[in-house]
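A.B. asks: Encoded as structure tokens, here's the structure I'll be asking about.
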């Protein structure tokens with residue numbers, strides 16, 4: 199269930215990007231470490247649109263809550 203929740207949040211975030219932004223991320227990732235400053239700037243701009251910190255906050259009650267329960271009984 200956790201994997202499904204994570205996948206749903208990731209899909210929702212990915213869907214926020216325009217098709218040209220998704221293609222641009224794919225281009226940059228294919229280059230690997232050989233990216234220039236323009237690529238880095240584009241990547242930062244696009245990743246900021248994904249709001250990953252907010253996605254983490256959205257998933258924290260799902261993932262974090264279950265983990266705490268197990269830890270207390272050790």
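Residue numbers (the numbering used here): 199 to 272.
From the three backbone atoms N, C-alpha and C, an ideal C-beta is built for every residue, glycine too.
None of these values were measured; they are calculated from a predicted model.
I'd like the list of long-range same chain contacts for residue 219, defined as Cβ closer than 8 Å, with 5 residues on each side in sequence excluded.
C.D. replies: Around residue 219: 244 and 247.
A.B. asks: Any idea what DSSP makes of residue 213, helix, strand or coil?
C.D. replies: Helix at residue 213.
A.B. asks: Could you tell me the alpha carbon to alpha carbon distance between residue 217 and residue 199, rounded to whole angstroms?
C.D. replies: Near 29 Å, if we compare the C-alpha coordinates of residue 199 and residue 217.
A.B. asks: Considering Cα atoms alone, identify which of 222, 228 and 255 is closest to residue 241.
C.D. replies: Checked all of 222, 228 and 255; the closest Cα to residue 241 is 222.
A.B. asks: Which residue's Cα is closest to the Cα of residue 212: 258, 254, 236 and 249?
C.D. replies: Closest option to residue 212, Cα to Cα, is 249.
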